[in-house]
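Below: the structure, in structure tokens.
Residue numbers (my numbering), protein chains in the order written: chain A, 1258 to 1543; chain B, 1258 to 1543; chain C, 1258 to 1543; chain D, 1258 to 1543.
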């Protein structure tokens, strides 16, 4: 994700210093004119606006608070924007530490995936103070189409995982409804048509239908290649589960959706797009 | 439901003979010019197009196959349209019996509720033979906006219950996501805005949001009065469950949604609109 | 099941007239001295005590109420005992019809499987009137070890499916707890030992542990061969689900257990013992 | 919990130095001859065997690793035993830190509740090195009846939470089966009798039956007072959920059980014994 996002910043005329633990990941950017650094620490000693995109909470902690982390050298008055999807509580914790360094921190997870990263059409859900948000808005607009200020620190992450909880529930719901309808004698196109013109209508049905052949150009019509992998959905549902446990919020369907994606990952669907739950539930014993 | 539907037929110039086990239910129609009959049997002895709207499978069996039922006097060449929501298998069974009387039967359940019945904006999902559908289409258009031929006998019912399974799952999903987001610090309007512009978008969020005050003029902004009662949703989910069991189709979320609506009904939410699941899950221990 | 049960009755000195739609099924019994009949109707015209063992509700309806069924010729004062596992409501319905013939009907489903049928160690859960139960008790004791009078008509079936609902829930629970413990570093024997001496103790752990090698001589230590097939468990959970829907009783775990066994059957576990859910949940992506 | 456990150690002739953040909690122990300390740090500077009993993971981290924590003054060669129920990963983390201080750490959560703590009949599930276990065994036997060495560090916690996951699942299962059976016409005593002599048999049915009046002297026969509060069960199920997420282990029923206890707590059952789930599911709409 980080690569195409950085390219869009370069295209917009920004000067970049980039770092990735996998050196090959920045070769392209170097050729396009970006400088490179050996550690986050090194970047923080020169840059005053830093954007991070990392796989999970522990990585964010390491990159910000580790020995070679950003906070070891960050200059007062810096703006730090983390676009990873992590636990809201960790985002808030890092935000506090950044405040202690007289700098600003925003949690700004994205939706849209690699395609949207390339096309600069990502949606950013941004949590943090108003002043920081105003400073960040134009920068983020170089990489995305929608930039939403969701509220105080942590709410960007909260918005992201709550949307994805609902997304998983809807996708499994569409898959169950479609499978049942087909076994009851409806054509796949017909049940999609009925749902899309009724109260069951949703993005998982009208834009990203999991049944092959209903909509062209999406993963379900391409053997579930590309898109948003089931294992990433399982990860996000795990974050939602943790947040629900901490806040004592009942999320019965979100919790069961989490379990279903865990089972799918263990059954070999981990790299397939998350809409492949249609196939997972469609299995039939002959 | 039957009352406003009949009025629309009268308005369109059709002659009607009506019957209801509760006599008061047809007083209005009588004043508007409808004839009345004491039994379904009596109606079938004179009318050649008969429309039924009944609460559940056993009532349909009684009205069609009972001692005073339609089949006891139905004339060959009649068209029988059942707009109740019942088990697809029962619809198919009745269809077979009607065929034995040299007449046609369609299962044509509706969506839209009483409001749509009054406004003649119902959606009809119609299962049955092409010829019967063609004959029925104009008649149904007097009562509804969308008339969809879903396929062979039983598929009208199948389409209806599959849509409602997805609707229940979506509504609970929106409620869980909204509750969790609010407890994580988002404003209710903000999580709705994020969802409606992201992949979680669905009818239950953008048209019928369960959180009070987000959308005016719907049950959630009116103490969950009116709309589609939780007990009716529980009934439809029970039909979906039976159909899933018979066809051996796994529907984990639909099944859990069924259980949640059962718990709600037992907890006093039975008469409230089904979007009140937001309140059911929102309970907090002080 | 019917074969070994009949042999035990022959061994006890009873005279039998037997029937099965598959004629080969009664060849052994014929050699052992049983008479045979072509239809249930034929049996009912001569015998005054009739025992049936059938796969599911529709078969019971056919054998009792069909054209060649028992009720077409049953003599007043007969005792009819159905040992099938079927819907409680169907048992009650048949009971009413039998009463109309001035005879007695008991629902008497069994637990214990083929092994217990051979060894005459079945448990019979018997629903129906006291007088009928007293007449049946000695006969059933020729085939089983425990004969329990559970209450009025239908309660034998109710007791059976409620026990099996709990059994499925416990078995999945033991499987989840064992898998989780093993992944957290415990030896399989150790988690079994802890559970069996703690509050998690249950038949599914101390007598029929699903983890291979913990207990010898049971299906889990024999590649899940023999025992009680997952598809039969799925069937019983479907009956429990129907009964719960009709009585509006929430059974969230029983309902999810049903869905899990449906998924297992569709994934090729249908013929394996129901304890194979341990393997189904244990799958791991390498 | 800590109070009665300490008394049993005093009774056995051990010398104690005790500390609790609530000073009143140690008044009794002081009268019985225990010395007191102001902080864990102070205790660690004198004692070489230290036992902790704390509410949750953050408290354990604070008491061991905080400014006034045990590790700030612990002497090499000490034995530290934590009897709290916490996350296995936190136990392993603390164990590592203790090792760095050349001392030994055991995770030794208990089952049995306050009653067993008073009667010295607790079960200890002990994770950690063999040498530490051997040193701890006799000490723990002063407070408990069963002391089980479950394996390496963290496995004591793992065993505890896996048992409790199964316990919750069983208890809800017994409640569902009993409620359904009662609504189908069985007497509460009868369904308990059937289950206890069949494959549904479990501790939650034969020892701690949730239906009032079946077994005397337990919470269900005393308005669900005493026992193990629903909110503690919710906490343990949250720990199990976290452990399952981290290890990517599917636990569908355990996860749903967690959600049910969350809903119960929010509905006012938080202080009632966890067997009150029978009442929560039994609600009926009149």
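Each residue gets a CB set at the ideal place from its N, CA and C atoms; glycine is no exception.
Exposed or buried, what is residue i when buried is set at 16 or more other beta-carbons lying within 10 Å of its beta-carbon?
| i | result |
| --- | --- |
| residue 1361 of chain C | buried |
| residue 1279 of chain B | exposed |
| residue 1364 of chain A | buried |
| residue 1309 of chain B | buried |
| residue 1288 of chain B | exposed |
| residue 1332 of chain B | exposed |
| residue 1344 of chain D | buried |
| residue 1402 of chain C | exposed |
| residue 1356 of chain C | exposed |
| residue 1268 of chain C | exposed |
| residue 1406 of chain B | buried |
| residue 1430 of chain D | buried |
| residue 1388 of chain C | exposed |
| residue 1284 of chain D | exposed |
| residue 1433 of chain D | buried |
| residue 1499 of chain A | buried |
| residue 1474 of chain B | exposed |
Spatial neighbours of residue i within its chain, please: C-beta separation below 6 Å, excluding the five flanking residues on both sides.
| i | result |
| --- | --- |
| residue 1238 of chain D | Lying outside 1258 to 1543, the shown extent of chain D, residue 1238 of chain D is not represented and no answer is given. |
| residue 1306 of chain D | 1336 |
| residue 1481 of chain C | 1529, 1530, 1533 |
| residue 1410 of chain A | 1349, 1352, 1384, 1385 |
| residue 1375 of chain C | 1261 |
Taking 7 Å as the CB-CB limit, is residue i close to chain A?
| i | result |
| --- | --- |
| residue 1495 of chain D | yes |
| residue 1402 of chain C | no |
| residue 1293 of chain B | no |
Is there at least one Cβ from chain C nearer than 7 Å to residue i's Cβ?
| i | result |
| --- | --- |
| residue 1343 of chain D | no |
| residue 1455 of chain D | yes |
| residue 1542 of chain A | yes |
| residue 1459 of chain D | yes |
Tell me which residues share the same chain as residue i and place their Cβ nearer than 7 Å to its Cβ, disregarding the 5 neighbours each side in the sequence.
| i | result |
| --- | --- |
| residue 1296 of chain D | 1276, 1325 |
| residue 1330 of chain B | 1298, 1301, 1302 |
| residue 1394 of chain A | 1404 |
Taking 7 Å as the threshold (beta carbon to beta carbon), is residue i in contact with chain D?
| i | result |
| --- | --- |
| residue 1306 of chain C | no |
| residue 1356 of chain C | no |
| residue 1351 of chain C | no |
| residue 1452 of chain C | yes |
| residue 1340 of chain C | no |
Once you ignore the five residues that flank residue i on each side, which residues in its own chain have a CB closer than 8 Å to its CB?
| i | result |
| --- | --- |
| residue 1453 of chain B | 1462, 1463 |
| residue 1399 of chain B | 1265, 1266, 1268, 1269, 1271, 1377 |
| residue 1397 of chain A | 1338, 1365, 1381, 1383, 1404 |
Does any residue of chain F have a CB that is nearer than 7 Å to the CB of residue i?
| i | result |
| --- | --- |
| residue 1538 of chain C | No chain F is present in this structure, whose protein chains are A, B, C and D. |
Quick check on residue i - is its C-beta less than 7 Å from some C-beta in chain B?
| i | result |
| --- | --- |
| residue 1303 of chain A | no |
| residue 1296 of chain A | no |
| residue 1309 of chain A | no |
Subject >> Against chain A: residues of the stretch 1498 to 1530 of chain C by CB proximity under 7 Å >> reply: 1522, 1523, 1524, 1525, 1527
Original post:
Relative to chain A, which residues along the stretch 1322 to 1333 of chain C have a C-beta separation below 7 Å, given in chain order?
Top reply: none
Original post:
the stretch 1258 to 1274 of chain A: which residues have C-beta closer than 8 Å to a C-beta of chain C, in chain order?
Top reply: none
Original post:
At which residue ranges does the stretch 1382 to 1439 of chain A contain complete beta strand (DSSP E) runs of 3 or more residues, listed in the order of the chain?
Top reply: 1401 to 1408
**OP:** Could you please tell me which residues of the stretch 1358 to 1383 of chain C, in chain order, have their CB closer than 7 Å to any CB of chain D?
**Re:** 1368, 1380, 1382
Subject >> Chain-ordered residues of the stretch 1436 to 1448 of chain D with a beta carbon less than 8 Å from chain C >> reply: 1436, 1437, 1438, 1440, 1441, 1442, 1443, 1444, 1447, 1448
Subject >> Interface positions of the stretch 1409 to 1436 of chain B facing chain A (Cβ-Cβ less than 7 Å), listed along the chain >> reply: 1409, 1411, 1412, 1415, 1416, 1419, 1420, 1422, 1423, 1424, 1426, 1427, 1429, 1430, 1431, 1433, 1434, 1436
Original post:
Which runs of the beta strand (DSSP E) fall wholly inside the stretch 1288 to 1364 of chain C and span at least 3 residues, in chain order?
Top reply: 1306 to 1309, 1336 to 1339, 1361 to 1364
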